[in-house]
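Mapping of the sequence shown onto this note's numbering: position 35 corresponds to residue 192, and the numbering continues sequentially without gaps.
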Amino acid sequence: MQPAQKHSPDAIEIELIRSLYDGLIPSIVMSAGFLLCGGLIIAQSGDAAILIPFVAGVFASLCRLAIAWRDAPRAASPWLDIAEARRLERRFATAYVTFAAMLGLFAARALALPDQAIDKLAICLVIGYAAGVAAGTGLRPRIAVFSLLLAVLPPALTMLASGKTLHVATALMTSAFLAGGLVSLRRRHARALDEIGLRLSFAALARRDTLTELPNRLALREWFEREVRAGNQSPIALHCLDLNGFKPVNDSYGHPVGDALLAAVAKRIAGTLREGDIAARLGGDEFAIVQLGLRNEDEAYMLAERVAASIARPFAIEARDLKVTTSVGYLVCEDPSRDLEQLLSLADEALYTAKRSGRAICRHEEIIVVQAAA
């Protein structure tokens with residue numbers, strides 16, 4: 158069973174990793190700038206040594222763009238899990254950090270050349286890249302810090318080593334800006350953790366029934382899309398149930414007792430499920446259960462029996478022994494593409510057939526076997 162949960166560290170980390178794929182346009186601009194400025198510097202200087210980091214940087218930049226383009230839809234998927242997110246991040250980081258290293262070597266070599274115009278262009282590239290790193294990867298500090306150090310330190314050290322007053326001053330200012338930027342990155346990351354955690358908490362609350370702690374209808378729909386329709390898990394069974402005798406309890410003892418009874422019923426329902434199945438509260442005293450991967454159709458009826466028997470036992474609520482029963486309508490579906498609302502409607506029909514006939518359990522007469530279109 159997968160109830161709605163509060164945010165977890167994994168959920169926050171996934172959101173932070175997703176942020177890496179928000180900066181495709183700036184990456185394209187940086188790649189184009191590196192290609193253009195690097196080509197101009199090579200043409201102006203005629204320096205052969207600078208070709209190596211330039212060619213490697215162009216290759217790393219193209220790989221970075223290709224990875225970001227290919228992996229962005231997977232990163233945006235609402236079903237992204239932490240293992241897959243970390244694989245995406247490692248792939249992203251490899252190309253990203255490689256480009257940073259090549260840019261740093263390229264700029265360092267350019268600053269060692271005697272042409273002052275080349276110096277300005279190289280420094281412009283490094284500053285532009287550093288700004289892009291802060292904006293694009295700032296929520297993943299390890300990638301951002303490592304990339305900044307690789308891109309900024311080589312040219313800064315080259316300027317310091319030159320001994321020229323303006324170069325030394327530029328190196329010191331660049332280092333100071335780098336240090337300040339790293340502190341800002343850390344603070345931004347801390348704020349982002351709080352903001353994402355708060356947003357995920359609100360999202361979890363919107364998907365949880367606060368009275369019973371079960372998933373609500375929205376959470377059930379999302380789970381069904383992920384586990385059944387996208388996961389292609391079939392056959393499944395879907396059960397709808399409500400309580401017999403709940404209204405007299407509510408009328409006789411008041412809503413607080415009725416609410417406590419509903420919460421106790423929800424716990425018993427949850428206790429009947431296998432790992433991987435789900436129960437949700439649809440509203441009032443109505444609940445739904447989805448069973449995945451049935452080995453045979455009898456498993457659906459057996460679960461309905463377990464639920465009915467569990468709820469039929471007395472409930473101890475505020476020193477009172479309260480008794481209610483349940484009616485269950487269910488169906489078995491072999492087509493994972495079926496819409497959840499349609500299946501709920503069919504199971505609901507079976508539920509009301511059970512109530513009208515005085516039976517505890519009723520299966521929908523139609524066993525849904527719909528072959529997917531070839």
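The C-beta atom is built at its ideal place from N, Cα and C for all residues, glycine as well.
The structure presented is a predicted model; accordingly, all values stated were derived computationally and were not measured.
Alpha carbon of residue i to alpha carbon of residue j, nearest angstrom
i: ARG516; j: ALA445; result: 18 Å
i: ALA200; j: ALA301; result: 31 Å
i: THR327; j: TRP236; result: 47 Å
i: ASN453; j: ILE393; result: 10 Å
i: MET316; j: LEU357; result: 46 Å
i: GLU246; j: ALA258; result: 18 Å
i: ASN401; j: CYS519; result: 15 Å
i: ALA168; j: LEU177; result: 15 Å
i: MET459; j: VAL481; result: 20 Å
i: GLN162; j: ARG364; result: Bear in mind that a pLDDT of 41 at GLN162, under 50, signals an unreliable position, so the number given afterwards is only what the model happens to contain. Going by the C-alpha atoms only, they are around 9 Å apart.
i: ALA360; j: ARG343; result: 26 Å
i: LEU339; j: LEU362; result: 35 Å
i: LEU368; j: GLU241; result: 34 Å
i: GLY293; j: PRO372; result: 35 Å
i: ILE209; j: GLY195; result: 11 Å
i: GLU379; j: ASP238; result: 15 Å
i: GLY295; j: ILE353; result: 14 Å
i: GLU523; j: SER391; result: With a pLDDT of 45 at GLU523, under the threshold of 50, the predicted position of this residue should be treated as unreliable, and no value is reported.
i: LEU350; j: PRO405; result: 48 Å
i: ARG175; j: SER341; result: 20 Å
i: LEU488; j: PHE403; result: 24 Å
i: SER467; j: ALA423; result: 11 Å
i: SER234; j: GLU384; result: 14 Å
i: SER319; j: SER165; result: 50 Å
i: ARG438; j: GLY450; result: 22 Å
i: ALA473; j: ALA417; result: 10 Å
i: HIS324; j: LEU310; result: 13 Å
i: GLY285; j: ASP179; result: 17 Å
i: ALA232; j: ASP408; result: 50 Å
i: LEU329; j: LYS277; result: 16 Å
i: ARG425; j: VAL254; result: 52 Å
i: ILE198; j: THR322; result: 23 Å
i: GLU370; j: ASP399; result: 17 Å
i: ALA421; j: ALA347; result: 40 Å
i: TYR509; j: ALA476; result: 32 Å
i: LEU355; j: ARG345; result: 15 Å
i: LYS512; j: ALA427; result: 23 Å
i: ARG299; j: GLN273; result: 34 Å
i: ILE525; j: SER514; result: Low local confidence applies: a pLDDT of 41 at ILE525 is under 50, so the model's placement there is unreliable, with the coordinate-based value given in what follows. Going by the C-alpha atoms only, they are around 23 Å apart.
i: ALA530; j: GLY433; result: Interpretation of ALA530 is limited by its pLDDT of 33, a score under 50 that renders its predicted location unreliable; no figure is taken from the coordinates.
i: ARG244; j: ARG227; result: 13 Å
Check whether residue i and residue j have beta carbons under 8 Å apart
i: GLU443; j: CYS490; result: no
i: ALA308; j: LEU260; result: yes
i: LEU395; j: LEU501; result: yes
i: ALA279; j: PRO312; result: yes
i: GLN448; j: ALA436; result: no
i: LEU305; j: ALA287; result: yes
i: SER184; j: LEU222; result: yes
i: PHE191; j: LEU282; result: yes
i: ALA225; j: PHE249; result: yes
i: SER494; j: ARG386; result: yes
i: ALA469; j: GLY486; result: no
i: ALA206; j: ALA252; result: no
i: ARG297; j: LEU173; result: yes
Bridge-paired residues (DSSP) for residue i
i: SER484; result: ASP399
i: ASP478; result: ALA473
i: PHE444; result: LEU398, ARG438
i: ARG365; result: PRO372
Nearest residue (CA-CA) to residue i, options the options
i: GLU498; options: LEU335, SER514, PHE381; result: PHE381
i: PRO271; options: ILE239, SER202, ILE207; result: SER202
i: LEU193; options: LEU181, ILE182, GLU172, VAL215; result: VAL215
i: GLY415; options: ALA461, ASP478, ASP434, GLY428; result: ASP478
i: PHE303; options: ALA318, ALA336, LEU350, ALA476; result: ALA336
i: ARG431; options: VAL464, ALA420, GLY411; result: VAL464
i: LEU314; options: ARG345, LYS512, ALA229, ALA264; result: ALA264
i: ASP366; options: LEU419, LEU355, PRO413; result: LEU419
i: THR429; options: LEU262, ALA511, ALA461; result: ALA461
i: GLY441; options: HIS412, ASP455, PRO471, THR510; result: HIS412
i: ALA229; options: LEU262, ARG266, ALA476, ILE171; result: ILE171
i: MET187; options: ARG244, ALA213, ALA267, GLY289; result: GLY289
Within-8 Å CB hit, residue i to chain B
i: SER184; result: Looking at the structure shown, chain B is missing, and only one protein chain is on hand.
heavy atom of the ligand SAH below 7 Å from residue i C-beta
i: HIS346; result: The model depicted lacks the ligand SAH and carries no ligand whatsoever.
* To do: Report the residue ranges of all beta strand (DSSP E) runs contained in full by the stretch 315 to 358; include only those spanning at least 3 residues, in chain order.
  => none
* To do: Any chance you could list the alpha helix (DSSP H) runs of at least 4 consecutive residues sitting entirely within the stretch 283 to 319, in chain order?
  => 298 to 319
* To do: For the stretch 494 to 529, list the alpha helix (DSSP H) runs that are entirely contained and at least 4 residues long, ordered along the chain.
  => 497 to 514
* Whole runs of the alpha helix (DSSP H) within the stretch 403 to 430, excluding any shorter than 4 residues -> 403 to 410, 412 to 428
* **Complete alpha helix (DSSP H) runs within the stretch 160 to 218 (minimum length 4 residues, chain order)** => 166 to 175, 181 to 202
* To do: Kindly provide the ranges of any beta strand (DSSP E) runs that are 3 or more residues long and lie completely inside the stretch 228 to 291, ordered along the chain.
  => none
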